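A.B. asks: Residue numbers (our numbering): 29 to 258.
Using N, Cα and C, we set each Cβ at its ideal position, and we do this for glycine too.
Just so we're clear, the structure is a prediction, and the values are computed from it rather than from any experiment.
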Amino acid sequence: MKISVLGTGMVGRALAARLHELGHDVAIGTRDVAATLTRITQDPERTREWREATADIPLLSFRDAGLHAEVILNATAGAHSLAAFDAIGDDALAGKVVLDLAIPLDLSRGLPPELTIVGDDSLGERIQRAHPQTRVVKSLHTMYYEVMIDPGRLSGSHVVFVGGEDASAKAVVTELLQDLGWPADSVIDLGGIISARATEMYSRLFFALYAQLETFDFNIQVVRAAVQDS
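(1) Find the nearest neighbour of ARG225 within the set SER109, GLU80, GLY191 and GLU242, judged by alpha-carbon distance.
(2) May I ask you to report which of helix, strand or coil DSSP gives LYS124?
(3) Just the Cα atoms here: how many angstroms apart are LEU302 and THR202?
(4) Taking the alpha-carbon of GLY37 as reference, which of ILE216, VAL146, LEU87 and ARG232 has the nearest alpha-carbon?
(5) Look at ALA93 and SER32 and say whether their C-beta atoms are less than 7 Å apart.
(6) Using the rule of at least 16 other Cβ atoms within 10 Å of the residue's Cβ for burial, across every protein chain shown, is GLU242 buried or exposed?
(7) Pull the bridge partners of GLU7 from the DSSP assignment, please.
(8) Which first and last residues belong to the alpha helix (DSSP H) in which ALA112 is found?
(9) Can the beta-carbon of VAL125 be found less than 7 Å from the beta-carbon of VAL200?
(10) What alpha helix (DSSP H) runs, 4 residues minimum, are completely inside the segment 143-206?
(11) Locate the alpha helix (DSSP H) running through SER231, then write down its first and last residues.
(12) In terms of DSSP beta bridges, what is VAL3 paired with?
(13) I believe VAL259 touches LEU127 by the beta-carbon criterion, under 8 Å. Please report the beta-carbon distance rounded to the nearest angstrom.
(14) Less than 7 Å separating the beta-carbons of ALA197 and ARG163?
(15) Counting C-beta neighbours from all protein chains within 10 Å, is the total for THR144 16 or more, i.e. buried, or is it exposed?
(16) Quickly, what does DSSP pair LEU87 with across the bridge? List them, please.
(17) Okay, do the segment 140-154 and the segment 204-212 touch, 3+ Cβ pairs below 8 Å being the bar?
(18) Take LEU208 and list the residues in its own chain whose beta-carbon comes closer than 6 Å to its own, dropping the five residues that flank it on each side.
(19) What number of angstroms, rounded off, separates the C-alpha of GLY180 from the C-alpha of LEU218?
(20) Where does the unbroken alpha helix (DSSP H) through VAL215 begin, and where does it stop?
(21) Skipping 5 residues on each side, what residues in its chain have a beta carbon closer than 8 Å to that of ALA97?
(22) Which of the three DSSP states, helix, strand or coil, is assigned to TRP210?
(23) In the structure shown, what three-state DSSP assignment does VAL61 receive?
(24) CB-CB under 7 Å to SER109, same chain, minus the five flanking residues each way: which ones, in chain order?
This is the structure in structure tokens:
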């Protein structure tokens with residue numbers, strides 16, 4: 029599958045590397061390729077090691093990454109997500125599946141972060157409204173990136189959510205989740221993209237749990253009542 033991962037932070041890097049390892053045709057999208065490559069010399073985030081390890085994954089502008097892909101993974105910071113899609117352009121986005129895992133976090137005051145979109149809207153909905161020709165699916169944003177790409181690192185069963193308007197797009201995302209190691213019965217379909225309101229707000233509970241557990245290595249499970257024979 030031809031996949032472009034938008035964002036060169038730790039989440040985007042990890043997803044791109046893992047999907048490439050699994051055999052997908054992966055590119056990484058960034059706002060300014062030259063500026064990203066310049067950071068290799070400054071190396072504030074171990075950029076040199078990352079590029080050496082992923083030298084065969086193309087680093088492209090957002091526009092070119094959008095043109096490359098059948099599926100676009102949005103791993104940009106939530107505050108910059110809409111600008112990233114605007115940079116791609118509607119012609120390159122038409123018909124594309126967008127797996128949106130960004131959260132509109134405000135980290136200006138440290139942890140726990142605040143949400144800049146909350147209540148009656150969500151980032152996932154804003155992306156879908158701004159680019160209605162895309163097929164946005166919200167998923168993978170309720171856990172740390174190491175759990176996203178390796179659910180087996182946690183003992184026991186746990187869940188991942190999908191939400192979006194297009195059933196075929198959710199099927200594509202579910203296939204990618206299974207490639208990453210998520211069993212079919214761990215994927216819970218929450219319906220339309222409006223469900224992103226709830227799952228983005230889950231970040232508040234996520235960071236509250238982190239504060240108590242002092243680790244990001246956790247996820248949640250949904251426990252259902254046993255079905256009784258009538």
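C.D. replies: A quick look at the data gives this:
(1) Cα-wise, what sits closest to ARG225 is GLY191.
(2) LYS124 falls in the coil class under three-state DSSP.
(3) With the chain covering only 29 through 258, there is no way to say anything about residue 302.
(4) Ranking ILE216, VAL146, LEU87 and ARG232 by Cα distance to GLY37 puts LEU87 first.
(5) Yes, they are a contact pair.
(6) GLU242 is exposed by the Cβ-count criterion.
(7) Since the displayed the chain opens at 29 and closes at 258, residue 7 lies outside it and no answer follows.
(8) Here the alpha helix (DSSP H) through ALA112 covers 109-116.
(9) Taking 7 Å as the Cβ cut-off, VAL125 and VAL200 qualify as a contacting pair.
(10) Here the runs fully enclosed are 151-158 and 173-177.
(11) Membership of SER231 in the alpha helix (DSSP H) is indicated by the continuous run 224-241.
(12) Past the boundaries of the shown model lies residue 3; the chain is included only from 29 to 258, so the question cannot be answered.
(13) Only positions 29 to 258 of the chain appear in this structure, which leaves residue 259 out of reach.
(14) Going by C-beta atoms, ALA197 is nearer than 7 Å to ARG163.
(15) THR144 is exposed by the Cβ-count criterion.
(16) By DSSP's assignment, LEU87 forms a beta bridge with ILE56.
(17) Taking 8 Å as the limit for Cβ pairs, the verdict is that the segment 204-212 does not touch the segment 140-154.
(18) Result list for LEU208: ILE177, in chain order.
(19) One C-alpha to the other measures close to 23 Å.
(20) Element bounds for VAL215: not the alpha helix (DSSP H) but the beta strand (DSSP E), 215-217.
(21) For ALA97, the CB contacts under 8 Å within the same chain, skipping 5 residues up- and downstream, are LYS30, ILE31, SER32, ALA55 and LYS124 in chain order.
(22) Coil.
(23) Judged by DSSP in its simplified three-state form, VAL61 adopts helix.
(24) Excluding sequence neighbours, SER109 sits near ASN102, ALA130, LEU151 and ILE155.
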